[in-house]
Amino acid sequence: MKNMRTNKVVFTILTGFIIISISSCERKLSDEVKLANYPNNPAVYIDGFSGGLQYLPFGGSKLDAFTVDTQNRYAGSSAMRFDVPNVNDPTGAYAGAIFPDFGGRDLSGYDALTFWAKATQSATINEIGFGNSFGENKFLTTLNNMRINTTWTKYTIPLPDPSRLTFEKGMFWYAEGPENGNGYTFWIDELKFEKLGTVAQPRPSILNGEEKVETSFIGANPTLTGLTQTFNLPTGQNQTVTAAPAYFTFNSSNPGVARVNDQGVVIVLGTGNAKITAELNGVKAKGSLTIQSLGQFILPPRPARLPANVISIFSDAYTNVPVDFYNGFFAPFQTTLGGADINVNGDRIIQYTNLNFVATEFKNPTVNVSQMTHLHVDFQIRETLKPNAFITIQLGDFGANAAFGGGDDTSGQFKITTPNLSSNQWISRDIPLSSFTGLTGRNNMAQIFFISSDASSGNQSTVSTLWVDNMYFYKN
Numbered sequence: 010m011k012n013m014r015t016n017k018v019v020f021t022i023l024t025g026f027i028i029i030s031i032s033s034c035e036r037k038l039s040d041e042v043k044l045a046n047y048p049n050n051p052a053v054y055i056d057g058f059s060g061g062l063q064y065l066p067f068g069g070s071k072l073d074a075f076t077v078d079t080q081n082r083y084a085g086s087s088a089m090r091f092d093v094p095n096v097n098d099p100t101g102a103y104a105g106a107i108f109p110d111f112g113g114r115d116l117s118g119y120d121a122l123t124f125w126a127k128a129t130q131s132a133t134i135n136e137i138g139f140g141n142s143f144g145e146n147k148f149l150t151t152l153n154n155m156r157i158n159t160t161w162t163k164y165t166i167p168l169p170d171p172s173r174l175t176f177e178k179g180m181f182w183y184a185e186g187p188e189n190g191n192g193y194t195f196w197i198d199e200l201k202f203e204k205l206g207t208v209a210q211p212r213p214s215i216l217n218g219e220e221k222v223e224t225s226f227i228g229a230n231p232t233l234t235g236l237t238q239t240f241n242l243p244t245g246q247n248q249t250v251t252a253a254p255a256y257f258t259f260n261s262s263n264p265g266v267a268r269v270n271d272q273g274v275v276i277v278l279g280t281g282n283a284k285i286t287a288e289l290n291g292v293k294a295k296g297s298l299t300i301q302s303l304g305q306f307i308l309p310p311r312p313a314r315l316p317a318n319v320i321s322i323f324s325d326a327y328t329n330v331p332v333d334f335y336n337g338f339f340a341p342f343q344t345t346l347g348g349a350d351i352n353v354n355g356d357r358i359i360q361y362t363n364l365n366f367v368a369t370e371f372k373n374p375t376v377n378v379s380q381m382t383h384l385h386v387d388f389q390i391r392e393t394l395k396p397n398a399f400i401t402i403q404l405g406d407f408g409a410n411a412a413f414g415g416g417d418d419t420s421g422q423f424k425i426t427t428p429n430l431s432s433n434q435w436i437s438r439d440i441p442l443s444s445f446t447g448l449t450g451r452n453n454m455a456q457i458f459f460i461s462s463d464a465s466s467g468n469q470s471t472v473s474t475l476w477v478d479n480m481y482f483y484k485n
């Protein structure tokens, strides 16, 4: 997987020279101001930059990845050349930049961004599109994983809803990392917005077209993901782009319970059920989110121990150590779903469903808890208890080599059974580390498991849905 950070670095290109701009100033307009008509210039790069266009690389990218090439071109006198660096290249981890026109353009008369492209090898460009201007990127549109080869080919990125683009600044952007560790070069030419008239059959989706149901609470702010728009192109190919939330019109069956803002954030306001659906340019989007709000969320008691005496794995009361994951999804044996999914007014809660076992892992680096005396954890069981209910907490230490395996790992378990459990209320446990039988090492702690199945007896606990908060080690 190609990792790329997109921080802001500003360059302006004028007649072949690169001028570094230390700062820039942009006037912000009120949403209530009626904007004047803006130029509808469709050209981005046709034998050179169109008027007002700038080159702004992402921070951490190869700053000079873009150049003008007069030798390799599809038409005219020049093309855009992009040199993707090798892995560990000191000039940058990847190639990526935006090409904005901060004066703004009216693109409402077009239905696609088109260009010709080729590369020195077959490759997959991670992200490419328009609508990125280092601002709010309200109408960001991205074509993910675009395949490119060694022959000039025309590419089309449909505009999800052209009527929204009356004042757009982001004309073009891309981000691409090495292919299998190796850099390469690709070219783009005749880059422009067009009115093709043959971009057809719009099929928008939210949540990747799934019908989801989510338990929530007043003050929670889940974000809608998987927002896409699919069109059929003149070639007969279906092209799907990721579309910003502002393209969509969101609807709630019960606005008193939940509604959605234009950033795609669901705002849970009351108790009850609300079904969130959407439209894009008058076409109903596939997929929905049903919010089942249980009302006010009751948090566990806030920890009051001194930070100097605590090593925190998961708690909003302390600074946590680096965590690799809250759910390792150890297929095919694990059935547990979920992770740090609940966020109520900034307070995060781990939610696990269909629990059999699950691990929180913090191995990069491991944690030395040899001076700690206890593990604290708050958890809540979200179903009616039955006689065979239990929760087993297991700690795992990776031994002297600080790595899984190698013959020096140790682990220990602490089992909590029905007499000490209850439903739908927070249970706070402070467990002496000496109670984790079998755990002989504490210098390279790396795992905390929650287990509701007993491998030795074959018994399965009735605990299926579990909330977890405030996991930390401490010393008295």
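The sequence shown begins at 10 in my numbering and counts up by one.
The beta-carbon is built from N, C-alpha and C at its ideal position, and this holds for glycine as well.
- Between the alpha carbons of residue 333 and residue 375 lies a distance of about 10 Å.
- Rounded to the nearest whole angstrom, the CA to CA distance from residue 236 to residue 441 is 47 Å.
- Residue pairing by DSSP places residue 125 opposite 163, 198 in a beta bridge.
- Counting every other CB atom within 10 Å of its CB across the protein chains shown gives residue 434 a total below 16, marking it as exposed.
- Taken through DSSP and simplified to helix, strand or coil, residue 84 comes out as coil.
- Counting other Cβ atoms within 10 Å of its Cβ, residue 84 stays below 16 and is therefore classed as exposed.
- Using a C-beta cut-off of 8 Å, the segment 341–355 makes no contact with the segment 410–424, since fewer than three inter-stretch Cβ pairs fall below that distance.
- For the 8 Å CB-CB criterion, residue 223 and residue 258 do not form a contact.
- The criterion of a C-beta distance shorter than 8 Å is not satisfied by residue 327 and residue 349.
- Taking all protein chains in view, the Cβ of residue 177 is crowded by 16 or more other Cβ atoms within 10 Å, so the residue is classified as buried.
- Counting the other Cβ atoms within 10 Å of the Cβ of residue 389 gives 16 or more, which makes it buried.
- Look at the beta carbons and you see the segment 87–107 touching the segment 177–189: at least three pairs across the two are nearer than 8 Å.
- Sorting 186, 428, 239, 444 by C-alpha distance to the C-alpha of residue 100 places 186 at the top.
- When only Cα atoms are considered, residue 91 and residue 204 end up about 27 Å apart.
- Close CB contacts of residue 337 within its chain, under the 7 Å cut and outside five residues either way in sequence, are with 368, 370 (chain order).
- Under the three-state reduction of DSSP output, residue 140 falls in the coil class, being neither helix nor strand.
- Assignment of residue 408 by DSSP, reduced to helix, strand and coil, places it in the coil class.
- Counting every other CB atom within 10 Å of its CB across the protein chains shown gives residue 410 a total below 16, marking it as exposed.
- Around the Cβ of residue 311, a 10 Å sphere holds fewer than 16 other Cβ atoms; the residue is exposed.
- DSSP places residue 446 in the strand class (E or B) of the three-state scheme.
- A contact between stretches requires three or more CB pairs, one per stretch, nearer than 8 Å, and the segment 241–253 meets this requirement with the segment 162–169.
- Look at residue 256 here: in three-state DSSP terms it is helix.
- Taking every protein chain shown into account, the CB of residue 372 has 16 or more other CB atoms within 10 angstroms, so this residue is buried.
- If you look at residue 221, you'll find it in the beta strand (DSSP E) that goes 220–227.
- Rounded to whole angstroms, the separation of the alpha carbons of residue 408 and residue 450 is 6 Å.
- Taken through DSSP and simplified to helix, strand or coil, residue 239 comes out as strand.
- Nearest in C-alpha terms to residue 158, of all of 147, 137, 132, 151, is 132.
- Taking one beta carbon from each stretch, the segment 193–212 and the segment 277–286 have fewer than 3 pairs nearer than 8 Å; the two do not touch.
- Per DSSP, residue 111 is one residue of the beta strand (DSSP E) stretching across 104–114.
- With a 10 Å radius around the Cβ and a threshold of 16 neighbouring Cβ atoms, residue 446 comes out exposed.
- Membership of residue 387 in the beta strand (DSSP E) is indicated by the continuous run 383–390.
- Per DSSP, the unbroken beta strand (DSSP E) holding residue 348 starts and ends at 346–353.
- Contact between residue 89 and residue 54 is confirmed by a C-beta separation of about 5 Å, below the 8 Å threshold.
- Assignment of residue 379 by DSSP, reduced to helix, strand and coil, places it in the coil class.
- Using a Cβ distance threshold of 8 Å, residue 392 and residue 299 do not count as a contacting pair.
- In the DSSP assignment, the residues bridged to residue 292 are 289.
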